[in-house]
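Top to bottom, those sequences are chains X and F.
According to my numbering, the stretch in the first sequence is residues 11 to 303, in order.
According to my numbering, the stretch in the second sequence is residues 216 to 448, in order.
All C-beta atoms in this analysis are idealised placements derived from N, C-alpha and C, irrespective of residue type, glycine included.
Worksheet for the structure shown next.
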Amino acid sequence: MELLEYAIVGGILYGVFFSLVGIGLNLIFGVMRIINLAHGQFIVLGGYVAWLVSRHFGFNPLWSIPLSVAGAIVVGWPLYAAVVPRLQRSDDPEMLSFILFFGIGQMIEALTGMAFGADQRSLPSEALGSGNIGVLGQQFPDSWWIAAAVSVSCILALYGYFSHTRLGYATRAIMADRDEALATGISVDRVSAIAFVAGLALAGIAGMFVPYLLGSVSPDLGGELTTTSFAIVIIGSLGNPLGTVIGGLVFGLGTMLMQTYYSSWSNVVPYALLLIIVLIRPSGLLGKEARHA
Amino acid sequence: MALLELQGVESGYGPMQILWGIDMEVSAGETVLLLGANSAGKTTLLRTLIGLLPCARGSIRFEGERIDALPPDQRIRRGIAFMSELGVFPSLSIDENIALGGYFLRDAEVRRRKTRLFDLFPALAAKRRDAAGTLSGGQRKMLGIAKVLVAEPKLLLMDEPSSGLAPVFVKQVIEVLKTTIGGGTSLLIAEQNVAFLALATRGYLIDHGKVRLSGTRAELESSDTVRETYFGL
Numbered sequence: 011m012e013l014l015e016y017a018i019v020g021g022i023l024y025g026v027f028f029s030l031v032g033i034g035l036n037l038i039f040g041v042m043r044i045i046n047l048a049h050g051q052f053i054v055l056g057g058y059v060a061w062l063v064s065r066h067f068g069f070n071p072l073w074s075i076p077l078s079v080a081g082a083i084v085v086g087w088p089l090y091a092a093v094v095p096r097l098q099r100s101d102d103p104e105m106l107s108f109i110l111f112f113g114i115g116q117m118i119e120a121l122t123g124m125a126f127g128a129d130q131r132s133l134p135s136e137a138l139g140s141g142n143i144g145v146l147g148q149q150f151p152d153s154w155w156i157a158a159a160v161s162v163s164c165i166l167a168l169y170g171y172f173s174h175t176r177l178g179y180a181t182r183a184i185m186a187d188r189d190e191a192l193a194t195g196i197s198v199d200r201v202s203a204i205a206f207v208a209g210l211a212l213a214g215i216a217g218m219f220v221p222y223l224l225g226s227v228s229p230d231l232g233g234e235l236t237t238t239s240f241a242i243v244i245i246g247s248l249g250n251p252l253g254t255v256i257g258g259l260v261f262g263l264g265t266m267l268m269q270t271y272y273s274s275w276s277n278v279v280p281y282a283l284l285l286i287i288v289l290i291r292p293s294g295l296l297g298k299e300a301r302h303a
Numbered sequence: 216m217a218l219l220e221l222q223g224v225e226s227g228y229g230p231m232q233i234l235w236g237i238d239m240e241v242s243a244g245e246t247v248l249l250l251g252a253n254s255a256g257k258t259t260l261l262r263t264l265i266g267l268l269p270c271a272r273g274s275i276r277f278e279g280e281r282i283d284a285l286p287p288d289q290r291i292r293r294g295i296a297f298m299s300e301l302g303v304f305p306s307l308s309i310d311e312n313i314a315l316g317g318y319f320l321r322d323a324e325v326r327r328r329k330t331r332l333f334d335l336f337p338a339l340a341a342k343r344r345d346a347a348g349t350l351s352g353g354q355r356k357m358l359g360i361a362k363v364l365v366a367e368p369k370l371l372l373m374d375e376p377s378s379g380l381a382p383v384f385v386k387q388v389i390e391v392l393k394t395t396i397g398g399g400t401s402l403l404i405a406e407q408n409v410a411f412l413a414l415a416t417r418g419y420l421i422d423h424g425k426v427r428l429s430g431t432r433a434e435l436e437s438s439d440t441v442r443e444t445y446f447g448l
């Protein structure tokens, strides 16, 4: 019974964090129909920003959150302008974006390798508090709770943006029907650019916690994070960013239950879940029709 | 000077040309009906006018200025609005739909105009937080109309406002449109339903992407071509 409680509490914390890991990928896909295959590498970049902030400059790694947001604006805005409108004029933006962002991901991986070396980097665990917080008698490190709290805050902020601002309505309108959005007078290009930057910023923020929840960060972690994000996004529902929360929780609980009872199988969880979902509910747990291709 | 003036407009989807040299005019305050069968090119023409499709050849002038190279949002800012066949975002609430119709306006202005629109459409006011997708077909058209009216356009382009509606609702839509015309908005309505001739001052009959016939309402009503095509006489 105690094992089960541990797995459930841990699974929720882990799952909420992984919702944040996946949500940026889904936001960008939902608004632009573009598959950011470099998503995991952007998360890794966020991890390195946190590493620099805490190991190199000696600040609390939480300072990397505003830095990641600033970095997303500085990198994301020109990247959007250079790449996305061109992709969308093409006949098959999904496929082309796949190839293009794969290339961008490889570039980031190579650059992070050159800048930081191929070694795994970890962060001082005491930087986010050295204690444990218990619920239902189950103890988890402070860093897990902070990761979950930041993730929930980011998701709530995104939800608030969607449901309480006109830019947010416009974002949902573009996700629902791009042509209708254009014909309504929405500046689709500008709203998309904001969503693109937000997607990268969310990835960067998630990256800060990667060294805590996954033990360390290294340049080659990106590909795996992209794959996991994909699984989470598709489990929830492709094109519906808030569905990613469900996907993350299912993934987190599944992984923790597996780690608790059959630990050697836990790496299979995302793919097994993905397979099951795609077989019984191809549009994801919250899905309507996200794509027609 | 005409409010809207088209000269030799050609357009289509990629390599597939649909429109072949359309000449057309809409004056201020006028209601013009765009008649034509399915796939005659009515929707393509409206989509080209609002900027969803590029104008490959010819020119489109609005208030005397070329607009054919402008993106849709710039055309809308100048005073053109477009109500598509669907007309709304089903997954967004009524409030949100109307707010987006006035996307280029200040929040306060949108609120002010929304209050007035809700007086005009009390049935929508009662459901303002509900998703547009939960509305009946007739109410959805009303929302579509409210959504374009927020912008207080000088010219309103409507694609098949009667589609999917029972005759009684078609009548209702026409009534609502009649009250709008009083507000000084010009209308260009693409329709298969000749009932809309009752609204129009003039009309164009489009066939295979070309203007086959144009004239006043009376001329169209007495035209053999229109009678054969639409009244089955």
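Check, Outcome
"Taking 7 Å as the cut-off, is the beta-carbon of F/V385 closer than that to any non-hydrogen atom of the ligand GDP?", "This structure does not include the ligand GDP; it has no bound ligands of any sort."
"Taking 7 Å as the limit between beta carbons, can you name the residues of its chain near F/E225, skipping five residues before and five after?", "Q232, L234, W235, G236, A271, R272 and G273"
"Using DSSP with H/G/I as helix, E/B as strand and the rest coil, what is X/H302?", "Because X/H302 carries a pLDDT of 40, less than 50, the predicted location of this residue cannot be relied on, and the following value inherits that uncertainty. Looking at X/H302 - three-state DSSP - the assignment turns out to be coil, as it is neither helix nor strand."
"Determine the extent of the beta strand (DSSP E) in which F/G273 is found, giving its start and end residues.", "R272 to F277"
"Excluding sequence positions up to five away, which residues of its chain have a Cβ less than 8 Å from the Cβ of F/E324?", "G317"
"Drop a sphere of 10 angstroms on the beta-carbon of X/I204, count the other beta-carbons inside from all chains shown, and report buried for 16 or more, exposed for fewer.", "buried"
"Measure how close the beta-carbons of X/Y179 and F/L315 come, nearest whole angstrom, since I'm counting them as under 8 Å.", "6 Å"
"Cβ of F/I389 less than 8 Å from any chain X Cβ?", "no"
"Given a limit of 7 Å on CB to CB distance, which residues of the region 297-312 of chain F reach chain X?", "F297, S299, L301, F304, S306, L307 and E311"
"What do you reckon, are the CB atoms on X/L97 and F/L267 nearer than 8 Å?", "no"
"Quick check on F/F297: buried or exposed, where buried means 16 or more other Cβ atoms within 10 Å of its Cβ?", "buried"
"Could you tell me if X/L166 is buried or exposed, where buried requires 16 or more neighbouring beta carbons within 10 angstroms of its beta carbon?", "exposed"
"So, does the CB of X/T194 fall closer than 8 Å to a CB anywhere in chain F?", "yes"
"Under a Cβ-count criterion, where at least 16 other Cβ atoms within 10 Å of its own Cβ denotes burial, should X/M117 be classed as buried or exposed?", "exposed"
"Cβ of X/S247 less than 8 Å from any chain F Cβ?", "no"
"Span of the alpha helix (DSSP H) holding X/T237?", "L231 to G246"
"Could you tell me whether the Cβ of X/R301 comes closer than 8 Å to any Cβ of chain F?", "Interpretation of X/R301 is limited by its pLDDT of 44, a score under 50 that renders its predicted location unreliable; no figure is taken from the coordinates."
"If you count every other CB in all the chains shown that lies within 10 Å of the CB of X/L121, and 16 or more means buried, which is it?", "exposed"
"Count the other CB atoms, across all protein chains shown, that sit within 10 Å of the CB of X/M105; report buried if there are 16 or more and exposed otherwise.", "exposed"
"Just to confirm the assignment: which complete beta strand (DSSP E) runs, minimum length 3, are found wholly within the region 145-173 of chain X?", "148-151"
"Do we get a CB-CB distance below 8 Å when we pair F/A366 with the residues of chain X?", "yes"
"Considering Cα atoms alone, identify which of X/G20, X/M42 and X/L13 is closest to X/G249.", "X/M42"
"Can you pull the chain X neighbours of F/F319, defined as C-beta to C-beta under 7 Å?", "G195"
"DSSP state of F/R427, grouped into three classes?", "strand"
"Helix, strand or coil for F/G177? Go by DSSP, reduced to three states.", "One cannot answer for residue 177 of chain F here, as it falls past the ends of chain F, which runs 216 to 448."
"Counting only C-beta atoms, is X/Y90 closer than 8 Å to chain F at any point?", "no"
"If you count every other CB in all the chains shown that lies within 10 Å of the CB of F/R290, and 16 or more means buried, which is it?", "buried"
"Given X/F112, which residues of its chain have a CB within under 8 Å of its CB, disregarding the five upstream and five downstream residues?", "L47 and A48"
"Once the 5 residues before and after X/S153 are set aside, which same chain residues still bring their CB inside 6 Å of it?", "L138 and Y222"
"First and last residue of the alpha helix (DSSP H) that includes F/M216?", "Segment: none, F/M216 is in no alpha helix (DSSP H) and carries neither H nor E."
"Taking one C-beta from the region 297-310 of chain F and one from the region 368-385 of chain F each time, how about it: are there three or more such pairs within less than 8 Å?", "yes"
"Where do the N-terminal and C-terminal ends of the alpha helix (DSSP H) with X/F219 fall, by residue?", "V198 to L223"
"Provide the residue span of the alpha helix (DSSP H) that contains X/L35, from first to last.", "E12 to M42"
"Taking only the alpha-carbon atoms, compute the straight-line gap between X/Q149 and X/F219 and give it to the nearest angstrom.", "18 Å"
"Check whether the Cβ of F/I291 lies closer than 8 Å to any Cβ atom in chain X.", "yes"
"Roughly how far, in whole angstroms, is the beta-carbon of X/G217 from the beta-carbon of X/S132, given that I think they are within contact range, below 8 Å?", "With a Cβ gap of about 14 Å, X/G217 and X/S132 do not count as contacting."
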